[in-house]
Amino acid sequence: MNLFAEMRALVVASLDRLAAEGALPAGLDLAAVTVEPPRDAGHGEMATNAAMVLAKPAGMPPRAIAGALAAVLLTDPRVLAADVAGPGFLNLSLRPSVWQGLVGNILTQPDGYGRSTLGSGRKVNVEFVSANPTGPMHVAHARGAVVGDALARLLAFSGWQVTREYYVNDGGGQVDVLARSAYERYREAHGLSPEIAEGLYPGDYLIPVGEALKAKYGVSLLDKGEQSWLTEVRDFATDMMMAMIREDLAALGVTMDVYSSEKALYGTGQIEAGIEALRKLDLIYHGTLEPPKGKTTEDWEAREQTLFRSTRFGDDQDRPVQKADGGWTYFAPDIAYHFNKVERGFDELINIFGADHSGYVKRLKAVVSALSQNRVTLDIKLIQLVKLLKGGQIVKMSKRAGTFVTLRDLIDEVGPDVVRFVMLTRKSDVALDFDFDKVTEQSKDNPVFYVQYANARVNSILRKAREAGLAVDDPSLAAADLSRLDHPAELALIGKLAEWPRLVEIAARGNEPHRIAFYLFELASDFHGLWNRGNDEAGLRFLQDDQVASQAKIALARAVGVVICAGLGILGVTPVEEMR
RNA sequence: GGCCCCGUAGCUCAGCCGGAUAGAGCGACGGUUUCCUAAACCGUAGGCCGCGUGUUCGAAUCACGCCGGGGUCACCA
131 MNLFAEMRAL
141 VVASLDRLAA
151 EGALPAGLDL
161 AAVTVEPPRD
171 AGHGEMATNA
181 AMVLAKPAGM
191 PPRAIAGALA
201 AVLLTDPRVL
211 AADVAGPGFL
221 NLSLRPSVWQ
231 GLVGNILTQP
241 DGYGRSTLGS
251 GRKVNVEFVS
261 ANPTGPMHVA
271 HARGAVVGDA
281 LARLLAFSGW
291 QVTREYYVND
301 GGGQVDVLAR
311 SAYERYREAH
321 GLSPEIAEGL
331 YPGDYLIPVG
341 EALKAKYGVS
351 LLDKGEQSWL
361 TEVRDFATDM
371 MMAMIREDLA
381 ALGVTMDVYS
391 SEKALYGTGQ
401 IEAGIEALRK
411 LDLIYHGTLE
421 PPKGKTTEDW
431 EAREQTLFRS
441 TRFGDDQDRP
451 VQKADGGWTY
461 FAPDIAYHFN
471 KVERGFDELI
481 NIFGADHSGY
491 VKRLKAVVSA
501 LSQNRVTLDI
511 KLIQLVKLLK
521 GGQIVKMSKR
531 AGTFVTLRDL
541 IDEVGPDVVR
551 FVMLTRKSDV
561 ALDFDFDKVT
571 EQSKDNPVFY
581 VQYANARVNS
591 ILRKAREAGL
601 AVDDPSLAAA
611 DLSRLDHPAE
621 LALIGKLAEW
631 PRLVEIAARG
641 NEPHRIAFYL
651 FELASDFHGL
661 WNRGNDEAGL
671 RFLQDDQVAS
681 QAKIALARAV
691 GVVICAGLGI
701 LGVTPVEEMR
C-alpha cells in the first residue's frame with residue numbers, strides 16, 4: 131500500500147473526469163503529474179503539481195485548473211481538504227482514518243509493506259567485489275561488497291530477479307605473481323629462506339599457502355624450474371585465496387550466486403566470438419593509436435593493434451583488445467564476459483567498481499549496448515575511497531608493505547552490522563570517513579546505534595505490554611481501534627511511515643541503497659521524538675492505562691518497528707531487540 | 001590536455017528524473033528525568049546551495065562555460 135501512489139491515481143482519475151466533462155482539453159499528457167510529501171508541514175500532507183504542469187498544454191491558468199481539480203478531489207471520501215496555494219500547488223489533507231488505516235495495513239502484511247513490482251520481474255545482474263584473488267579483502271573492497279549486496283537486496287525487494295555475481299580475475303599476470311609469491315612461502319615451509327623479490331606479494335597470508343603446498347606436494351616442487359610448477363601452484367593458490375575471500379564475504383553477510391572465472395573464458399572461443407560479434411558491427415579494426423595527449427609519454431611507441439571503436443560511444447580513444455605480443459588485453463575477456471551476461475538473458479546489468487576504474491565505464495557500456503542491440507542496460511556504480519580514522523589519525527594502508535587493514539580486521543573490531551550500516555551512510559560516489567571511535571560509540575553520533583535503539587524501544591514496549599497481558603501479535607494490533615491515534619504528533623509519525631514505499635521506489639530506480647539508511651535515521655529520529663514527548667504529555671505515551679488506547683499506540687510503535695526491520699533487512703543489518 | 005566524481009551552515013554530509021520560506025547530525029548557546037532505557041528529547045543561533053550565462057511559470061536540482069579539490073589516462077587485470 132503506497133498512499134502517495136494511491137493519491138496520485140486519484141488525481142489522475144480526477145483529471146480524466148475533468149477532461150471527460152470538457153473542463154480540461156482531452157488527451158493531456160499526465161506523466162509529469164506528481165503527488166509528493168511537501169517539504170513544509172504547513173503545506174498540507176500531500177501536494178500535487180498537476181495544475182502547474184498542465185497549465186501550458188491546457189492553455190489555462192494554473193490556479194483555475196487547481197480549483198477545478200480541488201472540487202473533484204473533495205468528492206472523494208478520503209480527501210479532507212484541498213487548498214490551492216502559491217503558484218498553483220494543490221495541498222491535500224486526508225482524513226485521519228486514511229492515515230490510521232495505514233497502520234492496520236502495515237500490520238496486516240508486515241513483510242509486504244514497501245515491497246513493489248517496480249522491477250516487474252526483470253532479470254538484473256549485480257556484479258560486485260570482483261577483487262583479484264591474490265590476497266584477503268581489504269577496506270576498499272568492503273564498501274563495494276556492502277553497496278553491491280544492499281543494492282541486490284533493494285532490487286529484490288522491489289520486484290527484480292537478482293543475480294549476485296563475482297568476476298574472478300584469475301586469468302592475468304597477477305595470478306602468476308601470486309604463484310611465484312606462494313612458491314617462495316613453499317620454500318620457506320621447507321626451511322629455506324624465501325626470496326620475496328620486488329613485485330611479489332609479501333603478505334603473511336601466503337605463509338599458510340606455502341605450508342599447504344608442502345603438505346600436498348612434499349619436496350617434489352623444490353629446485354624445479356618455474357614452468358614445471360607454475361600452473362599447479364597458481365591454481366592451488368588461487369583456490370585458497372578465493373576460499374579466503376568467500377569466508378570474508380560470508381563474515382560480512384554477503385553470498386554470491388555466481389562466481390565467473392576469467393580464466394575459463396580463454397581457449398573456449400568465447401573471446402573470439404565476442405570480438406567477432408563486434409567486428410560484424412564494424413566496431414573492430416586494425417590500426418595505430420595516437421599517442422596520449424598532455425601526459426608524459428617517454429616510453430610510448432606507435433604500434434599496430436586490433437582496436438575497438440569505443441570513440442563511437444563517446445570514449446576518448448579506441449581501445450586495444452590485443453597486446454603487442456598478440457595476447458589478449460584484459461579488455462578482451464571483459465568483452466567476452468559481458469557478452470556472456472547479455473546472452474544469459476539479463477535485462478539489466480549493474481557493475482560496482484572502484485572509482486579508479488572510471489576510465490573503463492564508457493568502453494564497457496559501449497560493448498554492452500553494441501552486443502545487445504541496446505536491449506540491455508549497463509549501470510556502473512563507482513565506489514569512492516574509504517578513509518579509516520582512529521583516534522583522529524588516518525590509518526595508513528600500504529599493500530606493497532604488506533600492512534593493510536583487511537576486511538577481517540574491521541569486522542573483528544566493530545562487527546559486520548556496523549561495517550555495513552556505516553558503509554551505506556554516504557552516497558557511493560563520495561569519499562567516506564570510517565571513524566573507529568565514532569562507530570563504536572553509543573550515542574546519536576553513531577547512526578547504527580541510533581536506529582537500533584529505536585527498534586529496541588519498540589521491542590521494549592511490546593515486551594512490557596505483553597507482561598501486562600495485552601495481545602500484541604500483529605493481527606490483534608491491526609484490529610485495534612486505530613482511531614485513537616488522533617494526535618497530530620502521532621499522525622505525523624504515520625506520515626513518515628507512509629513515505630516508506632515511495633522512498634524504496636526512488637532508491638531502487640536510482641540504484642541508491644544509501645537512501646534507505648538516511649530514511650531509517652529520520653524515522654528513528656521521529657520515533658524518539660514522539661517517545662520523549664510522552665515525558666511531558668502522558669497521553670502520548672505508548673503504554674496507557676486505557677487498554678484500547680494503549681493497543682492503538684502499541685500498534686503504531688510496532689508499525690515503526692516493522693519498517694525499521696524491513697529497512698535494516700535491505701541494508702543487511704541485524705535488528706537488535708535490546709540494547710544491552 | 002581528455003574523461004569521471006565532488007564543491008550546500010564553523011565541521012561532516014543529505015536533498016539533485018525542477019517546485020513553495022534549502023534540511024540533518026556534530027560543534028556553540030539555553031532547556032527537559034515522579035513517566036515505557038535521558039544511551040534520548042526540545043529550543044536558539046548559524047547559508048550569495050563555488051561563480052556566471054541559458055532553458056523554464058519556477059533552478060541547489062537541467063544545459064553550457066569558468067574557478068577550486070580529488071581520481072584516472074595505450075601495450076598491467
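Sequential numbering of the first sequence, starting at 131, is according to the working numbering. Note that beta-carbon positions come from the ideal geometry of N, C-alpha and C, so glycine has one too. Fair warning: this is a prediction, and the values are worked out from it, not measured in the lab.
Coarse secondary structure for residue i, derived from DSSP in three states
i, result
"G399", "coil"
"G417", "strand"
"L615", "coil"
"N255", "strand"
"S680", "helix"
"K511", "strand"
"V548", "helix"
"F564", "strand"
"F672", "coil"
"H80", "Nothing can be reported for residue 80: it is not among the residues displayed for the chain, which extend from 131 to 710."
"E178", "Looking at the sequence shown, residue 178 is not Glu but Thr. It is a strand residue."
"T536", "strand"
"W630", "helix"
"I711", "The question about residue 711 has no answer, for the chain in this structure spans 131 to 710."
Residues of its chain near residue i, where Cβ-Cβ distance is below 7 Å and the 5 sequence neighbours each way are ignored
i, result
"Y460", "G302"
"S227", "S613"
"L184", "L158 and I195"
"R663", "A619 and L670"
"R530", "Low confidence applies here, because R530 scores a pLDDT of 49, under 50, leaving its location unreliable; read the following figure in that light. Closer than 7 Å at Cβ, skipping near neighbours: no residue."
"R433", "T418 and A454"
"R208", "L224, R225 and V228"
"I541", "A381, L382 and V549"
"S391", "V298 and D300"
Cβ pair residue i, residue j closer than 8 Å
i, j, result
"A270", "L562", "no"
"K517", "I482", "no"
"F219", "A177", "yes"
"L237", "L501", "no"
"T145", "L154", "The identity of residue 145 in the sequence shown is Leu, whereas the question assumes Thr. In this structure, L154 lies closer than 8 Å to L145 by Cβ."
"G265", "M371", "yes"
"V549", "A198", "no"
"K520", "D575", "no"
"L140", "D206", "yes"
"R538", "D334", "no"
"A180", "R193", "no"
"R138", "T164", "yes"
"D477", "V497", "no"
Integer-rounded CB distance, given that residue j should sit under 8 Å from residue i
i, j, result
"V298", "Y389", "6 Å"
"G92", "K253", "Outside the displayed span of the chain (131 to 710) sits residue 92, for which this structure offers no information."
"V544", "V569", "6 Å"
"D464", "L494", "7 Å"
"M267", "I337", "That pair is no contact at about 18 Å."
"G156", "A149", "Residue identity check: residue 156 is Ala in the sequence provided, not Gly. The pair is a contact, with the Cβ atoms about 5 Å apart (cut-off 8 Å)."
"V233", "I624", "6 Å"
"V349", "P643", "Not really, about 51 Å apart at Cβ, beyond 8 Å."
"I480", "L281", "7 Å"
Of the listed residues the options, nearest to residue i (C-alpha basis)
i, options, result
"K557", "R645, G244, P226 and D446", "R645"
"A679", "R317, L540 and D616", "D616"
"D611", "Q230, A139, L554 and M137", "Q230"
"K492", "G521, N470, L322 and R442", "R442"
"A381", "F134, K346 and A275", "A275"
"K654", "V690, L133 and G234", "Sequence check: residue 654 is Ala here, not Lys. For A654, the nearest C-alpha among the options comes from V690."
"G640", "G249, V183, R147 and N221", "G249"
"A685", "E175, L592 and G333", "L592"
"A601", "D455, Y583 and Q681", "Q681"
"A327", "Y490, L343 and V307", "V307"
"F287", "R138, A394, K410 and L633", "L633"
"D676", "R147, A598 and N589", "A598"
Near the ligand NAP: residue i beta-carbon under 7 Å from a heavy atom
i, result
"E325", "Ligands displayed in this structure: none; no statement on the ligand NAP is therefore possible."
Close Cβ partners of residue i (< 8 Å) along its chain, the five nearest in sequence each way excluded
i, result
"A485", "L512, I513, Q514, L515 and D559"
"E420", "Q447"
Nonlocal neighbours in the same chain, by C-beta distance under 6 Å from residue i, ignoring five residues either side
i, result
"G699", "none"
"H416", "T436"
"S260", "Y296 and Y297"
"L351", "W359"
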